[in-house]
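Colleague: Okay, handing you the structure first.
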Amino acid sequence: MNRPPSELGQPTAFLSEVLLAVDVAGSPRPALQWRCDGKELRGETKAELAVDPAQKGEYSVVATNSAGSVTIQVAKFPVEAPLRLVEENLKA
C-alpha cells in the first residue's frame with residue numbers, strides 16, 4: 067500500500083556557518099571593522115564575515131571615512147524568532 071510522505075519528528079536545522087554581509091558607500095571609500103558585542107574582531111575588515119551561529123553575540127560593523135562613521139547592526143545569535151515551517155503536499 068502506497069502512502070504519502072509524512073513528518074516523523076521535529077525538523078532540525080544544522081548550520082555550521084552563516085555569512086553576514088554589508089554594502090556601504092561613501093567618499094572616500096569607508097574602511098570597515100566588524101565587532102561582536104561591541105568588541106573589535108581583529109583582522110575582520112571585509113564586507114563579509116563568516117560566523118558560527120552557535121557563537122552567541124551581537125554582530126555589527128563600523129564603516130569609517132574622513133567624513134564620519136556609522137555603526138550598522140547586522141545580526142544577533144542565537145536567533146530568537148522560531149523557525150517557520152512550511153508543509154507542502156507531495157503527490158506522485
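With the numbering used here applied, the sequence shown corresponds to residues 67 to 158, in that order. Glycine is no exception: its CB is placed at the ideal position from the N, C-alpha and C atoms.
Looking only at C-alpha atoms, which of Cys102, Lys142, Ile138 sits nearest to Val90?
Modeller: Nearest of Cys102, Lys142, Ile138 to Val90, Cα basis: Ile138.
Colleague: Within the same chain, show all residues whose beta-carbon is closer than 6 Å to that of Ala141, passing over the 5 residues directly before and after it, in chain order.
Modeller: The residues are Leu86, Tyr125.
Colleague: Beta-carbon within less than 7 Å of Lys130's beta-carbon, same chain only, minus the 5 sequence neighbours each way: which residues are those?
Modeller: Looking at the sequence shown, residue 130 is not Lys but Thr. So the list reads Pro96, Ala97, once near-sequence residues are dropped.
Colleague: Just the Cα atoms here: how many angstroms apart are Pro119 and Glu110?
Modeller: 17 Å
Colleague: In or out: Val117 buried (at least 16 other Cβ within 10 Å) or exposed?
Modeller: buried
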